[in-house]
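Down below is the structure, laid out as structure tokens.
In mature numbering (1 follows the signal peptide of the UniProt record, and there is no 0), the protein residues as written are -20 to -1, 1 to 396.
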């Protein structure tokens, strides 16, 4: 059985405490002191001394993984799926390794959007200076000029970026279930223009500049001998502090600061910005949204801020396990009525796909996505969403009520 370095460090303290507790009342003071010492030790930080360096490859090949013909991530040599617990009892190190792989996956998906889906990467803000922080979205060549149809894709919150539904699915299942690529390819094949939002890219991180504080003694009128003595004490204190910090946290990561992207500092801001500068300018007669999880909340916020424009331009909205809340977001009555007629929310449920699901909120119809896993709701409802958009477009053309209302009524009638 292996014994960690931190256990070896603490072992003499535990032995001392056991010996002291066997002694008489005079030893209580020593016991209290040792307990106080133990309380000051951060075991989580101490465990970092046992970690290998947080130095990971920056390519899939470096990790010895690749996507096979089915879009599954597999080890190049063994053919096995990704293993999270690469090193036992080192959860933090394993998590950092997983995050490093996730960053590579993000770049890989960006490449697929450009090479496989033929989308263009568009920098935002559109009037950004050379030096300011920037983000980007992806668009098809005809996104702004297609006169008929435009599809807009919005993912949820967290680590996912443009083109992804869930990083976990990409790594553990496949590209089809975890990315927006199947939506994009089918949309293009059916004559849609496409815009892929990037609502979590809200800032860039840069290393915090080190601030050198000038000693107050430099400008004082103190005698030179006293000033030298104070400087010596200060240097010794800094030396002890640096030594303790190195002992306490040898794997300390760089201190970073966030520089937010103008007018794109949150998913909600991003949605409004892309609407104002791209979607509102698009020629398409019918605009369709697919919004997953927090993306649904961002869409409702967009509607609150641009209600008339959205109503005029958007034909239908497919939400997948959306976390929006019309009460908390204070969506007005006219917005709630529009959502009931033009939106549908495919929610996580064990019921078969498209089965009506009761809702406590007076917004849009809710139907089962055919899965009880939140992250899979977009992929599992994929065929139903395209059918919904086709029906909504036909209903608009023939001036009938939107198809989702008819479908939800039909389901309820059949249940009765």
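For every residue, glycine included, the Cβ atom is placed at its ideal position computed from N, Cα and C.
Option in the options with minimal Cα separation from residue i
i, options, result
"residue 301", "360, 142, 248 and 240", "360"
"residue 35", "250, 54, 187 and 79", "79"
"residue 132", "109, 99, 31 and 313", "99"
"residue 141", "93, 97 and 165", "93"
"residue 333", "342, 320, 339 and 352", "352"
"residue 189", "209, 236 and 176", "236"
"residue 304", "288, 39, 103 and 272", "272"
"residue 88", "363, 38 and 109", "38"
"residue 343", "376, 377, 280 and 184", "280"
"residue 371", "337, 69, 126 and 296", "296"
"residue 108", "258, 276, 354 and 243", "243"
"residue 367", "338, 119 and 298", "298"
"residue 253", "106, 187 and 123", "106"
"residue 354", "148, 378, 186 and 97", "148"
"residue 270", "45, 134, 139 and 117", "134"
"residue 77", "275, 40 and 323", "40"
"residue 146", "275, 124, 44 and 91", "275"
"residue 61", "245, 51 and 136", "51"
"residue 70", "245, 97 and 31", "31"
"residue 102", "335, 178 and 378", "178"
Residue i to residue j span [Cα, whole Å]
i, j, result
"residue 112", "residue 241", "8 Å"
"residue 121", "residue 67", "46 Å"
"residue 238", "residue 85", "22 Å"
"residue 180", "residue 286", "21 Å"
"residue 380", "residue 47", "Note on residue 380: pLDDT 44, under 50, position unreliable in the model; the coordinate value appears next. Roughly 45 Å separates the two Cα atoms."
"residue 282", "residue 59", "45 Å"
"residue 250", "residue 331", "34 Å"
"residue 256", "residue 373", "23 Å"
"residue 358", "residue 156", "11 Å"
"residue 95", "residue 33", "35 Å"
"residue 376", "residue 54", "46 Å"
"residue 312", "residue 183", "31 Å"
"residue 143", "residue 82", "13 Å"
"residue 316", "residue 288", "13 Å"
"residue 248", "residue 259", "15 Å"
"residue 369", "residue 42", "42 Å"
"residue 168", "residue 110", "33 Å"
"residue 63", "residue 314", "50 Å"
"residue 278", "residue 319", "14 Å"
"residue 321", "residue 362", "20 Å"
"residue 136", "residue 356", "12 Å"
"residue 186", "residue 245", "16 Å"
"residue 166", "residue 119", "15 Å"
"residue 125", "residue 338", "39 Å"
"residue 90", "residue 49", "18 Å"
"residue 394", "residue 323", "Model confidence at residue 394 stands at a pLDDT of 32, short of 50, so the residue's coordinates are unreliable and nothing is read from them."
Per DSSP, cross-strand counterpart(s) of residue i
i, result
"residue 304", "Partner(s): none; residue 304 has no beta bridge."
"residue 173", "130"
"residue 144", "159"
"residue 53", "47"
"residue 326", "300 and 347"
"residue 237", "186"
"residue 101", "118"
"residue 257", "None; residue 257 has no bridge partner."
"residue 479", "Any property of residue 479 remains undetermined from this structure, which presents the chain solely from -20 to 396."
Classification of residue i by the beta-carbon crowding that lies within 10 angstroms, buried from 16 upward
i, result
"residue 65", "exposed"
"residue 234", "exposed"
"residue 365", "buried"
"residue 307", "exposed"
"residue 261", "exposed"
"residue 340", "exposed"
"residue 310", "exposed"
"residue 75", "exposed"
"residue 104", "buried"
"residue 115", "buried"
"residue 56", "exposed"
"residue 176", "buried"
"residue 199", "The pLDDT assigned to residue 199 is 48, lower than 50, so where the model puts this residue is not dependable, and the model offers no usable value."
"residue 209", "exposed"
"residue 72", "exposed"
"residue 138", "exposed"
Contact test: residue i Cβ vs the ligand GTP heavy atom, cutoff 7 Å
i, result
"residue 144", "Here there are no bound small molecules, and the ligand GTP is not part of this structure."
Minimum Cβ-Cβ distance from residue i to chain C less than 8 Å
i, result
"residue 280", "In the displayed structure, chain C is absent; only one protein chain is listed."
Check whether the stretch 155 to 168 touches the stretch 326 to 336, taking contact to mean three or more Cβ pairs, one atom from each stretch, closer than 8 Å.
no
Assess contact between the stretch 144 to 153 and the stretch 285 to 299, defined as three or more Cβ pairs (one per stretch) separated by less than 8 Å. Is contact present?
Because the criterion of three Cβ pairs below 8 Å is not met, the stretch 144 to 153 and the stretch 285 to 299 do not touch.
Using 8 Å as the cut-off, can you tell me whether the stretch 129 to 147 makes contact with the stretch 165 to 176, which would need three or more C-beta pairs spanning the two stretches below that distance?
yes
Contact between the stretch 262 to 270 and the stretch 333 to 350: three or more CB pairs below 8 Å?
No, because fewer than three Cβ pairs between the stretch 262 to 270 and the stretch 333 to 350 fall closer than 8 Å, the two stretches do not touch.
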